[in-house]
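First the structure, in the form of structure tokens, and then the observations on it.
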Amino acid sequence: MSAQIIDGKTIAKELRAELKTEVEGLKEEHGITPGLAVVLVGEDAASQVYVRNKHRACKRAGIATRDLRLEADATHEEVMNVVRELNADPDIHGILVQLPLPDQVDEEEILNAIDPNKDVDGFHPVNMGLLLAGQPSFVACTPKGVMHMIDTLGIDLTGKEAVIVGRSNIVGKPQALLLLYKHCTVTICHSRTKDLAEHCRNADVLVAAVGRAKMITGDMIKPGATVIDVGINRTEDGSLVGGVDFAAAVEVAGEITPVPGGVGPMTIAMLLRNTVDAARASAGL
Ligand code: NDP
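Shown next, in the form of structure tokens:
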């Protein structure tokens, strides 16, 4: 039996339409136009595509964007100065520094310098700490988007075994907390995990956030499981594939996200959500 394909594009489109209406309301009733600044350092091809998509999605939703580009050899201090200026700019409610940054720029210091109230990526330690404490915060867009997807499907997570493959700050760790708050029993796997397959086979909800193409094979999936594939890997022929072997997994899972068209569009929709929330909060709404 073939799994239900989770259509991230459609779910994200609905979310963006709701946000557009909300942004129009903010403009008309409160005179606020949410503003997002995107900082891109260097010429990385994938980053340029991501940044272009983010600007386009903002524009369609009525969110103002500012495009800040620095040369690949920009110094740490130059990037820091851009962040400081954006922190002080009242028209900018959200700041996103596109990763990865060149080696001469200290990524951690730059992310830590972003005003936590404008940290729409949710990467600042203050926001990560608030999430850990179970308090309101900006939550990283990808795991937040995954939760919205699961919610839209109407899946009750209470008591479910959730397994996350990957423990990064931007996906794996926040994903684990969000699933924990929905009363899952959570296991986090990583490169040192013994018998990854055995853990995965136990998962009612499996989130693959691992930067390796098709690493999760069909025999690692519990029949009927919800499989969320966060991975984006470019193959030699230029096509995009996830961390899950989709063709095999679709025969076993209950629901599964495709790549592309699954988690990716949700990440951008959540960036817009966080930017609108930041604009609201700045006006005390
Ligand atoms: P990272 O490289 O930071 O983390 C990858 C994780 O996978 C690490 O925790 C690593 O373990 C684990 N891992 C690597 N190899 C194995 C293995 N053999 N067995 C088990 N675990 C393993 O990646 P990110 O979290 O930033 O991203 C993960 C994927 O998601 C990437 O493909 C990325 O492109 C994609 N992505 C997609 C987004 C979207 O919008 N759809 C947004 C963000 C990311 P360890 O910690 O031990 O090294």
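Position 112 of the sequence shown, counting from 1, maps to 115 under this note's numbering, and the rest follow consecutively. Note that the Cβ used here is the ideal one computed from N, Cα and C, for glycine as well. Fair warning: this is a prediction, and the values are worked out from it, not measured in the lab.
*When every heavy atom of the ligand NDP is checked, does at least one fall within less than 8 angstroms of the C-beta of GLY264?*
As a first step, residue 264 is located in the sequence shown; it is residue number 261 there, counting from the start. It does not: the Cβ of GLY264 is nowhere closer than 8 angstroms to a heavy atom of the ligand NDP.
- Can you pull every residue whose C-beta falls closer than 7 angstroms to some heavy atom of the ligand NDP, listed in chain order? The chain-ordered list of residues whose CB is nearer than 7 angstroms to some heavy atom of the ligand NDP reads THR145, VAL168, GLY169, ARG170, SER171, ILE173, VAL174, GLY175, CYS192, HIS193, SER194, ARG195, THR196, LEU199, ALA212, VAL213, GLY214, ARG215, MET218, VAL233, GLY234, ILE235, ASN236, GLY246, VAL266, GLY267 and THR270.
*Nearest to SER50 (by Cα), restricted to the options GLN101, ALA91 and LYS121*: Position 47 of the sequence shown, counted from the start, is the residue given in the question as residue 50. Residue GLN101 is the option with its Cα nearest to SER50.
Subject >> Whole-Å CB distance - ALA212 paired with THR238, under 8 angstroms assumed >> reply: To locate residue 212, count along the sequence shown from 1; it is residue 209. To locate residue 238, count along the sequence shown from 1; it is residue 235. Separation of the CB atoms of ALA212 and THR238 is rounded to 19 angstroms, and the pair is thereby denied contact status at 8 angstroms.
On the three-pair Cβ rule with 8 angstroms, is the stretch 24–31 touching the stretch 77–90?
No, they do not touch.
Run through DSSP, which three-state label would LEU71 get?
Position 68 of the sequence shown holds residue 71. Residue state, collapsed to three classes: strand.
**Report entry** GLU17 versus ALA282, LEU275 and GLY287, residue with shortest Cα-Cα distance
**Finding:** By 1-based counting over the sequence shown, the position of residue 17 is 14. The shortest C-alpha separation from GLU17 is found at LEU275.
Worksheet item: In angstroms, rounded to a whole number, what distance separates the CA positions of VAL26 and LYS176?
Response: Along the sequence shown, read from residue 1 onward, the residue named residue 26 stands at position 23. Along the sequence shown, read from residue 1 onward, the residue named residue 176 stands at position 173. Here the alpha carbons of LYS176 and VAL26 stand approximately 31 angstroms from one another.
task = Please report the residue range of the alpha helix (DSSP H) in which LEU43 lies.
result = In the sequence shown, residue 43 corresponds to position 40, counting from 1. It is not in any alpha helix (DSSP H) - LEU43 instead sits in the beta strand (DSSP E) that spans 38–44.
- request: Confirm, please, whether the CB-CB distance from ILE98 to ALA143 is below 9 angstroms.
  value: In the sequence shown, counting from the first residue as 1, residue 143 sits at position 140. In the sequence shown, counting from the first residue as 1, residue 98 sits at position 95. No.
Query raised in the report: Looking at C-alpha atoms only, which residue of VAL54, VAL168 and ALA6 is the closest neighbour of ARG195?
Result: Here residue 195 is taken as the residue at index 192 of the sequence shown, counted from 1. Checked all of VAL54, VAL168 and ALA6; the closest Cα to ARG195 is VAL168.
> Quick one: what does DSSP say GLU110 is sitting in, helix, strand or coil?
Replying inline: Locating residue 110 in the sequence shown gives position 107, counting from the first residue. Of the three classes helix, strand and coil, the one that applies to GLU110 here is helix, per DSSP.
query = Excluding five sequence neighbours on each side, which residues of the same chain lie with their C-beta closer than 6 angstroms to the C-beta of LEU104?
reply = Here the question's residue 104 lines up with position 101 in the sequence shown. Only VAL44 and GLU110 meet the Cβ criterion.
- Message: Tell me which residues share the same chain as LEU134 and place their Cβ nearer than 7 angstroms to its Cβ, disregarding the 5 neighbours each side in the sequence.
- Response: As a position in the sequence shown, residue 134 is number 131, starting the count at 1. Close CB contacts of LEU134 within its chain, under the 7 angstroms cut and outside five residues either way in sequence, are with SER140, VAL142, PRO177 and LEU180 (chain order).
Look at the Cβ atom of GLY221, then the Cβ atom of ALA252, and state whether they are nearer than 9 angstroms. Reading the sequence shown from its first residue, position 218 is the one you call residue 221. Reading the sequence shown from its first residue, position 249 is the one you call residue 252. Yes, the pair counts as a contact, with Cβ atoms nearer than the cut-off.
For GLY97, list the residues DSSP reports as bridge partners.
In the sequence shown, the residue the question calls residue 97 occupies position 94. Per DSSP, the beta bridge partners of GLY97 are LEU39.
Expressed to the nearest angstrom, what Euclidean distance is found between the alpha-carbon atoms of ASN56 and LEU156?
Residue 56 sits at position 53 when you count from the first residue of the sequence shown. Residue 156 sits at position 153 when you count from the first residue of the sequence shown. Going by C-alpha positions, ASN56 is about 25 angstroms away from LEU156.
Best match in VAL82, ARG63 and MET223 for proximity to ARG72 [C-alpha to C-alpha]
Residue 72 sits at position 69 when you count from the first residue of the sequence shown. Here the closest residue by C-alpha is VAL82.
Notebook entry, point to check: Between the C-alpha atoms of ALA200 and CYS187, what's the straight-line distance to the nearest angstrom?
Noted result: Within the sequence shown, numbered from 1, the residue matching residue 200 stands at position 197. Within the sequence shown, numbered from 1, the residue matching residue 187 stands at position 184. If I take the Cα positions, the gap works out to 19 angstroms.
Report task. Kindly indicate the opening and closing residues of the beta strand (DSSP E) around ASP232. Result -> By one-based count along the sequence shown, residue 232 stands at place 229. Its beta strand (DSSP E) spans residues 229–232.
| task | For VAL255, decide whether its Cβ has a neighbour in chain C, counting only Cβ atoms nearer than 9 angstroms. | result | Protein chain content of the structure displayed is limited to a single chain, and chain C is not contained in it.
What are the partner residues of LEU243, as DSSP defines its beta bridges? Residue mapping note: residue 243 aligns to position 240 of the sequence shown, counting from 1. Beta-bridge analysis with DSSP links LEU243 to ARG237.
Extent of the continuous beta strand (DSSP E) to which VAL129 belongs: The residue given as residue 129 occupies position 126 in the sequence shown. VAL129 -> not in any beta strand (DSSP E); alpha helix (DSSP H) instead, spanning 128–136.
Practice item. Just grab the DSSP bridge partners of VAL166 for me. Key: Position 163 of the sequence shown, counted from the start, is the residue given in the question as residue 166. Secondary-structure assignment with DSSP links VAL166 through a beta bridge to THR190 and LEU209.
Which of the three DSSP states is assigned to GLU25 in this structure? Within the sequence shown, residue 25 is the residue found at index 22, counting from 1. In the three-state reduction of the DSSP assignment, GLU25 falls in the helix class.
- Query: Between the beta-carbon of VAL108 and the beta-carbon of LYS163, is there less than 9 angstroms?
  - Reply: As a position in the sequence shown, residue 108 is number 105, starting the count at 1. As a position in the sequence shown, residue 163 is number 160, starting the count at 1. Contact annotation: VAL108 and LYS163 have beta-carbon atoms that are not nearer than 9 angstroms.
Checklist entry - Quick one: Cα of GLU254 to Cα of THR161, how far? => result Indexing the sequence shown from 1 puts residue 254 at position 251. Indexing the sequence shown from 1 puts residue 161 at position 158. Straight-line spacing of the CA atoms in GLU254 and THR161 works out to 25 angstroms.
### Task
Compare the beta carbon distance of ILE259 and HIS151 with 9 angstroms and say whether it is the shorter of the two.
Position 256 of the sequence shown, counted from the first residue, corresponds to residue 259. Position 148 of the sequence shown, counted from the first residue, corresponds to residue 151. Note that the C-beta distance between ILE259 and HIS151 is not below 9 angstroms.
For PRO128, tell me which candidate among ASN172, THR190 and ALA64 has the shortest Cα-Cα distance. Looking up residue 128 in the sequence shown gives position 125. Measuring from the Cα of PRO128, the nearest candidate turns out to be ASN172.
query = Using DSSP with H/G/I as helix, E/B as strand and the rest coil, what is GLU80?
reply = Mapped onto the sequence shown, residue 80 falls at position 77. The answer is helix: DSSP assigns GLU80 an H, G or I state.
Q. Where ALA281 and LYS62 are concerned, what is the direct C-alpha to C-alpha distance, given to the nearest angstrom?
A. Mapped onto the sequence shown, residue 281 falls at position 278. Mapped onto the sequence shown, residue 62 falls at position 59. If I take the Cα positions, the gap works out to 17 angstroms.
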